[in-house]
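Asks: Residue numbering for the sequence shown is 16 to 347, as defined by our numbering. Heads up, the beta-carbon is just placed ideally off N, CA and C, and yes, glycines get one too.
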Amino acid sequence: MTHDASLSHRPHRLPADAWHRVMTLRDLHAHGVSAAEARRRSAPGGDWQQPAPGVFLLHDAAPRGEELLLAARRYAEAEGGAEAGEQPALLTGMSALALYGFRSAPRPALLDRADLLVPHASPLAATGRVGVTRCGRLPRPVAVDGFALAPPTWAVADAVAPPTDPAVVREVLVEAVTSGRCDAAAVVRELGRARLRALPHVDAAIGAMVAAGRRVAEDRLLALVRDGGLPDPLWNVRLRLPGGPQLGSVDAYWPDHAVAVRLDTRTARRDAAVERVARERREALERLGVAVVSMTPRQVAEEPGLRASMVRTALLAATTRPPAAYVTVLPR
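The following block contains the structure:
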């Protein structure tokens, strides 16, 4: 299972009867229906339809989203050419996000197409109701409701590819991190893989995503301190030498112990000058005797007990360290 797959989600469940309305030619043969009859009944004016090559929907009403997802899966299984035990394709994009339970994606029943992720060499091709995105190698799938899905970060990147509306791009990226399904840095890496980061509306949405992710991480850090039984710190403060230069901002600071916690919310789109200033400020704090404990939003979310122990150790170690230099504490 991928790192993403361990994150929480509320998958939607497909109605049981949807599984019986979508059949391949092989399924129909097993029920005594010939290929000629299947083609006749799915021709214009017939009482069936064919949402993907070799896959038949056994009614003539507008397809429901669940039926399109099933049709795409059956198409991939029948025509994907995968070796035994291998996945020929994964659902990705909005199709996967719908099954993961993203609020920014349509409900599965309302999908008007299914999106497949396939290897470059796959014989599968896009049809009117089934989209195909190609990649060098399929990522490890995440199983949801009988479907093999691309990991959340991968599916998010595919979902925001053009021509997705910029407002939807922002909504999807923000939900990806605020829901806890994805880590902002991982999403940025996937957007880079998909060559989407340079698009102005995607770049703007990344900024909104990182800001939203930081707010969530700050709330989790507050819970980490409370649930870990740690003394109350000063929250979101700036440190500086009295009458001297700025030493930077920290997310939590224990002045009696000279211990600071800093959330590392950097992403893959790093600025060398900003990185250098951050590194110099951290080194300056440490030279002054301030212990700086850094942690990423993912670490706060997935390892709160461990991270609380690290802070507790730093607080206890304050009694054995030489006294720290006096620093001025200001609101951020």
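Just the Cα atoms here: how many angstroms apart are P248 and A293?
Replies: When rounded, the distance between both Cα atoms is 22 Å.
Asks: Considering only residues of the stretch 130-194, which uninterrupted alpha helix (DSSP H) runs meet the minimum length of 4 residues and lie entirely inside it, listed in chain order?
Replies: With a minimum length of 4 residues, the continuous alpha helix (DSSP H) runs that stay inside the stretch 130-194 are 167-174, 181-193.
Asks: Which residue marks the beginning of the beta strand (DSSP E) containing Q64, and which one marks its end?
Replies: It spans 64-67 - the beta strand (DSSP E) in which Q64 sits, taken as one unbroken run.
Asks: Who are the Cβ neighbours of A31 in its own chain at under 7 Å, not counting the five residues just before and after it?
Replies: Note that A31 scores 49 on pLDDT, short of 50, meaning its location in the model is unreliable and no value can be drawn from it.
Asks: Taking one C-beta from the stretch 295-311 and one from the stretch 269-279 each time, how about it: are there three or more such pairs within less than 8 Å?
Replies: Because the criterion of three Cβ pairs below 8 Å is met, the stretch 295-311 and the stretch 269-279 touch.
Asks: Could you tell me the alpha carbon to alpha carbon distance between A176 and V225, rounded to whole angstroms?
Replies: Going from the Cα of A176 to the Cα of V225 covers about 19 Å.
Asks: For F162, I'd like the list of residues in its chain whose CB is within less than 7 Å of its CB, leaving aside the five on either flank, ordered along the chain.
Replies: Contacts found: L84, R88, L106, L114.
Asks: Take the Cβ of Y268 as the centre, count every other Cβ of all protein chains shown within 10 Å, and call the residue buried at 16 or more, exposed below.
Replies: Buried: at least 16 other Cβ atoms inside 10 Å.
Asks: Would L72 count as contacting chain B if we go by Cβ distances under 8 Å?
Replies: In the displayed structure, chain B is absent; only one protein chain is listed.
Asks: Can you tell me which of the three DSSP states V265 falls into?
Replies: Residue state, collapsed to three classes: strand.
Asks: Roughly how many whole angstroms lie between the Cα atoms of L73 and L239?
Replies: Taking the straight line joining both Cα atoms gives about 53 Å.
Asks: Hey, V192 and V231: beta-carbon distance below 8 Å or not?
Replies: In contact: V192 and V231 (Cβ atoms closer than 8 Å).
Asks: Tell me which residue opens and which closes the alpha helix (DSSP H) that P319 is part of.
Replies: Run containing P319: 319-332, per the alpha helix (DSSP H) assignment.
Asks: With C-beta atoms as the reference, is P134 less than 8 Å away from R152?
Replies: Yes.
Asks: Under 8 Å between the Cβ atoms of L112 and A170?
Replies: Yes, the pair counts as a contact, with Cβ atoms nearer than the cut-off.
Asks: State the DSSP-derived secondary structure class of A275, mapped to helix, strand or coil.
Replies: It is a strand residue.
Asks: Tell me whether the beta-carbon of P103 lies closer than 8 Å to the beta-carbon of A120.
Replies: In this structure, A120 does not lie closer than 8 Å to P103 by Cβ.
Asks: Output the distance between the C-alpha atoms of H24 and R118, rounded to the nearest integer angstrom.
Replies: Annotation note: pLDDT 41 at H24 (below 50); position unreliable, no value reported.
Asks: Can you tell me which of A332, P260, G243 puts its alpha carbon nearest to the alpha carbon of T371?
Replies: In the structure displayed, the chain extends from 16 to 347; residue 371 sits before or after that span and is not available.
Asks: Can you round the beta-carbon distance between V252 and P346 to whole angstroms, since I take them to be within the 8 Å contact cut?
Replies: About 6 Å; that satisfies the 8 Å criterion.
Asks: Which of helix, strand or coil does DSSP assign to L126?
Replies: Coil.
Asks: Excluding the 5 residues preceding and the 5 following T311 in the sequence, name in chain order all residues of the same chain whose CB lies nearer than 6 Å to its CB.
Replies: Cβ within range, chain order: D279.
Asks: Go ahead and pull the three-state DSSP assignment for L43.
Replies: Reduced to three states, the DSSP call for L43 is helix.
Asks: Look at the alpha carbon of P154 and the alpha carbon of A165, and state the distance between them as a whole number of angstroms.
Replies: Roughly 7 Å between the two C-alpha positions.
Asks: By alpha-carbon positions, which one of G258, R36, R291, E186 ends up nearest to G80?
Replies: Ranking the options by Cα distance to G80, first place goes to R36.
Asks: D348: buried (16+ other C-beta within 10 angstroms of its C-beta) or exposed?
Replies: Shown here, the chain extends from 16 to 347; a query on residue 348 therefore has no answer.
Asks: Quick check on L245: does DSSP put it in helix, strand or coil?
Replies: L245 falls in the coil class under three-state DSSP.
Asks: On a Cα-Cα basis, can you pick out the residue from P78, V159, E318 that is closest to L236?
Replies: Comparing Cα positions, the closest option is E318.
Asks: Could you tell me how far apart the beta carbons of S57 and F71 are, in whole angstroms, since I believe they sit closer than 8 Å?
Replies: That belief holds up - the Cβ atoms of S57 and F71 are roughly 6 Å apart, short of 8 Å.
Asks: In three-state DSSP terms, what is A306?
Replies: Residue state, collapsed to three classes: strand.
Asks: Using alpha carbons as the reference points, say which of R144, D42, A140 lies closest to E82.
Replies: It is R144 whose Cα lies nearest to the Cα of E82.
Asks: According to DSSP, is V70 part of a helix, a strand, or is it coil?
Replies: It is a strand residue.
Asks: Could you check the C-alpha separation between G243 and A86 for me, to the nearest Å?
Replies: Roughly 49 Å separates the two Cα atoms.
Asks: Got a sec? Which residues, its chain only, sit under 7 Å from R336 by beta carbon, not counting five neighbours each side?
Replies: Cβ within range, chain order: G304.
Asks: Between which two residues does the beta strand (DSSP E) holding L345 run?
Replies: Residues 343-346.
Asks: Using DSSP's beta-bridge definition, name the partner residues of M38.
Replies: F71, per the DSSP bridge assignment.
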